Structures are given as structure tokens and as C-alpha cells.
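Each residue of the sequence shown is one higher than the one before, starting from 15 at the first, in the working numbering.
Beta carbons are placed, not taken as given, at the ideal position from N, Cα and C, and that holds for glycine.
Being a predicted model, the structure only gives us computed values, none of them experimental.
Quick notes on the structure that follows.
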Amino acid sequence: MGKKVLKTKLCDMLGIEYPILSAGMGPTLIGESAGAPVELVVAVSEAGGLGVLGGAGSTVDELQKAIREIRAQTDKPFGVDLLLPKHLDVGGAMGMKGIDQVPLSKILERLPKSHMDWFHKIKKEMELPDVEIMVRMNTTTMRPKESIQVCIEEKVPLFCAGLGNPGFMVEDAHAVGMKVLGITGNQKNARRMAESGIDLLVAQGHEGGGHTGRIGTMVLIPAAIDAAYPVPVLAAGGIGDGRGVAAALAMGCVGVWIGTRFLATKEGGALDINKQKIIESTDEGTRVSKAYTGKTLRASYNRFHDIWDASKLRPLPFPTQVLLSSALLASFIEADKTAYVGGLAGQVSVLIDEIKPARQVLEELVEETVEILAKKLPENVKVQ
Numbered sequence: 015m016g017k018k019v020l021k022t023k024l025c026d027m028l029g030i031e032y033p034i035l036s037a038g039m040g041p042t043l044i045g046e047s048a049g050a051p052v053e054l055v056v057a058v059s060e061a062g063g064l065g066v067l068g069g070a071g072s073t074v075d076e077l078q079k080a081i082r083e084i085r086a087q088t089d090k091p092f093g094v095d096l097l098l099p100k101h102l103d104v105g106g107a108m109g110m111k112g113i114d115q116v117p118l119s120k121i122l123e124r125l126p127k128s129h130m131d132w133f134h135k136i137k138k139e140m141e142l143p144d145v146e147i148m149v150r151m152n153t154t155t156m157r158p159k160e161s162i163q164v165c166i167e168e169k170v171p172l173f174c175a176g177l178g179n180p181g182f183m184v185e186d187a188h189a190v191g192m193k194v195l196g197i198t199g200n201q202k203n204a205r206r207m208a209e210s211g212i213d214l215l216v217a218q219g220h221e222g223g224g225h226t227g228r229i230g231t232m233v234l235i236p237a238a239i240d241a242a243y244p245v246p247v248l249a250a251g252g253i254g255d256g257r258g259v260a261a262a263l264a265m266g267c268v269g270v271w272i273g274t275r276f277l278a279t280k281e282g283g284a285l286d287i288n289k290q291k292i293i294e295s296t297d298e299g300t301r302v303s304k305a306y307t308g309k310t311l312r313a314s315y316n317r318f319h320d321i322w323d324a325s326k327l328r329p330l331p332f333p334t335q336v337l338l339s340s341a342l343l344a345s346f347i348e349a350d351k352t353a354y355v356g357g358l359a360g361q362v363s364v365l366i367d368e369i370k371p372a373r374q375v376l377e378e379l380v381e382e383t384v385e386i387l388a389k390k391l392p393e394n395v396k397v398q
């Protein structure tokens, strides 16, 4: 049997074999491993898709090192995903500007009294241990301009903005041959991003893991395609097998952006407990909450959601809320209270029942998509 062919204009744009990108997943919490480390990026790109490095949480120097490690292991195209917050001055607001690292406990002292009273109440009631974490103030999220410059200097093939509109950097990116991708969760933002000059747009539906919007994938995709035209659109949210890929292509997308399915691979950077929760998940096994980052974020359901909801507190702005949630969740992990731990994951978790190598996942996605589009669809649908 010959090698499967699955090609759209996205393949020509990016120089890849299959129109499948692994999402640039980064850590949700301080001290957590990146969801899309070098190993995953290389595996996906080598298999014919395009792997995207999750750069959030890395320092600027670590970002550059990771880019060079990818290039040392593959000559295939790849991407880098960074967060571009609109408002960001955590260090300056707390009198710590210019400091590269600071103990999390020192930062927590400066949070609102209401939140700290709740934090200490939970730790006391649950007899949680003290876990000291060093917060790095020199990460790519804290220093987005420097991080973007690294990507430009390294001539990364594809820059992806997991948060924020990257339109302001398009001219500089194009000058070095770099394509720019933005991500949206609604039609209004799809139009705004397209008008900013980006090359590609990901429309991520409410089903997606991580930071996500309020519009379901089936509604969002055609709305975003219409709003962004002629900018090509990729689908995300609820896609984890060939059926989802085929549906996205049938709706007019040039490709797909897949997170949870690649997170739950041998190369995926999630904690083992988070991978286990994905493969054990039901279709109602995830929840959207602002508990983790201050923004709407979908993760595997766990009891941390419940105690946060019971607090009745308003979430702190991103990324300050990350500091609070990281402190508690580090203590939950140390105390082995796994019922209170859960990582980023989409509703597609219900379709995932095994941790596989990323290459195998991509090959199965391609094979099933081709089977549906070439054989099953013509058999199931009669047109005249």
C-alpha cells in the first residue's frame, strides 16, 4: 500500500506533507513542564505535520536554546508559540522590576488580603505542606518583545500567538521569511486579526483545552472563515481523530491545530497524572474556569475547581492568578492529593484511551482522514 496523500494549500504555504499542526502548548502553572517540548515538536514535524514549540514559561535564553535543539534534530519546518498579553507588569507592580527570580512566597505576600486569607485557610484545613517555588520574572511571557526578537533572529518558519494579536510584528516577520499565525475564539476577533495582516488564523471552539472562548467549533469555523477571508483558517477544538480532521476540511479549513491528542502522547510534556486523567475522561470530564490563570481555561475536572468556586473570589488578572493557583497546586501534588490536580485538556479527551507515540498519532489521523474523504464519505452521501 502506498503512502497516504493528504494535501491542502497549507502544505504549500508551510512546506509540510500533511495539514496537521500540533498546538504550541505551554505550562499552565509555574514549575510545570511545557506541554509541547522539543521532543514533541520534532516527532510531529518528522512525521510530516508541523510541530509547534510551547514557549510560554521558558526564559528568553531557554527559548533560543530550544529552537536550536529543534534545528539540530530535524530539517523540517516547525513553529514557536508565545503568549502576548495586552497588559503585563507583574514585577513592576510589585516592586520587583529587573529581578530575574523571586520566591513565590514573597510575591504571594503582596496579593490582595482576601485571596491570601483564602489561600492560608485552604492550606490549614487540608494540612497542605509548604512548597517553595522560584518564580522566574524573565520568561517569554514576561518579556514578549525580547522573545519575538529571538524568533526573528532565528528565522523560525512559523510564529504563533497563543494569546494576543501578533499583527504588529508581521512586517518584521515577513522580512526574514517567517509566517505569522493568530488564534481566535470568535468572529469579531477573526476579522480583526485578519485585517492586521497575519498569514494564518486558527479558529478554536469552546471544546478546546487551555485558554478557550464561548463559541462551539461547528458554529465558529464557518463564521471565522467568512470573517477572515482571504486569510486561510485552521480548525481547533474537539479534533482528535480523522473524523474531526475530515469535518474541518469539508467546512473549508486548510488544516487543523490539535492540542489534547498530542498532549496525551509519549512525547507530550504533561505530567503523567494529567495524561492519565485525559485517557480516563468522559465527555463531561473537563471544565472551563478562571481558577488557573484568570482567563477562561479548560482543564480536566478536579476538586480544585470546586474549592475555587466555593471561595466566591474574583480571579486576579492574568498572569497574577497563575501565582496563586500554582502555589496551591504545588502543595496538592506534594501531598499526593491527586483529586485536586488536573491539567489542560479539551472535551476531545473522551475519544482518547491510550498514550501513543506522536508519530503514530499523526499517521493514524492521516490514514483515517483519507479513508473518510476517499471512501466512506462517497459511500454515505449521495449527491446529484
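Taking the runs of the beta strand (DSSP E) that are 3 residues or longer, which of them lie wholly in the region 301-367?
Counting only runs of 3 or more, we get 311-314.
Using the Cα positions of glycine 224 and leucine 125, report the straight-line distance between them to the nearest angstrom.
Position 210 of the sequence shown holds residue 224. Position 111 of the sequence shown holds residue 125. Glycine 224 and leucine 125: Cα-Cα distance of roughly 24 Å.
Cutting at 8 Å between CB atoms, please list the residues of its own chain near proline 99, excluding the five before and the five after it.
Here the question's residue 99 lines up with position 85 in the sequence shown. Counting only Cβ-Cβ distances below 8 Å, and skipping sequence neighbours, we find Thr155, Pro158, Leu177, Gly178, Phe332, Pro333.
Quick test of the definition: if touching needs 3 or more C-beta pairs under 8 Å, does the region 191-205 touch the region 231-251?
In short, these stretches touch, since the Cβ pair count reaches three.
Please say whether glycine 68 and tyrosine 32 have beta carbons closer to each other than 8 Å?
In the sequence shown, counting from the first residue as 1, residue 32 sits at position 18. In the sequence shown, counting from the first residue as 1, residue 68 sits at position 54. Judged by beta-carbon spacing, glycine 68 lies beyond the 8 Å limit of tyrosine 32, meaning their Cβ atoms are not closer than that value.
Nearest-angstrom Cα separation, counted from leucine 122 out to alanine 175:
In the sequence shown, residue 175 corresponds to position 161, counting from 1. In the sequence shown, residue 122 corresponds to position 108, counting from 1. Taken atom to atom, the span from the alpha-carbon of alanine 175 to that of leucine 122 is near 28 Å.
Go to serine 161, then tell me how far its alpha helix (DSSP H) extends in each direction, as first and last residue.
Your numbering for residue 161 matches position 147 in the sequence shown. Per DSSP, serine 161 belongs to the alpha helix (DSSP H) from 158-167.
Per-residue burial, methionine 148 [other beta carbons within 10 Å of its own, 16 or more giving buried]
In the sequence shown, the residue the question calls residue 148 occupies position 134. Methionine 148 is exposed by the Cβ-count criterion.
CA-CA distance, threonine 73 and arginine 150?
Within the sequence shown, residue 73 is the residue found at index 59, counting from 1. Within the sequence shown, residue 150 is the residue found at index 136, counting from 1. Taking the straight line joining both Cα atoms gives about 8 Å.
Under a three-way DSSP split, which group does isoleucine 30 fall into?
Here residue 30 refers to the residue found at position 16 of the sequence shown. Residue state, collapsed to three classes: coil.
To which residues of the same chain is valine 216 closer than 6 Å at the C-beta, ignoring the five residues directly before and after it?
Working through the sequence shown from its first residue, we reach residue 216 at position 202. So the list reads Ile197, Leu248, Ala250, Trp271, once near-sequence residues are dropped.
Have a look at alanine 238 and threonine 226 and give me their C-alpha separation to the nearest angstrom.
As a position in the sequence shown, residue 238 is number 224, starting the count at 1. As a position in the sequence shown, residue 226 is number 212, starting the count at 1. Answer to the nearest angstrom: the Cα atoms are 15 Å apart.
Taking the beta strand (DSSP E) that lysine 120 falls in, what are its first and last residues?
For the purposes of this step, residue 120 is identified with residue 106 of the sequence shown, where counting begins at 1. Careful: lysine 120 lies outside any beta strand (DSSP E), inside the alpha helix (DSSP H) at 118-122.
Measuring CB to CB, does arginine 301 end up less than 8 Å from arginine 312?
Counting from one through the sequence shown, the residue named residue 301 turns up at place 287. Counting from one through the sequence shown, the residue named residue 312 turns up at place 298. Yes, Cβ-Cβ distance for arginine 301 and arginine 312 is below 8 Å.
Whole-angstrom C-beta distance between glycine 283 and leucine 54, which should lie under 8 Å
By one-based count along the sequence shown, residue 54 stands at place 40. By one-based count along the sequence shown, residue 283 stands at place 269. Going by Cβ atoms, the distance from leucine 54 to glycine 283 rounds to 7 Å, so yes, they are a contact pair.
Who does threonine 73 pair with in a DSSP beta bridge?
On the sequence shown, residue 73 is found 59 positions in, with the first residue counted as 1. Thr153.
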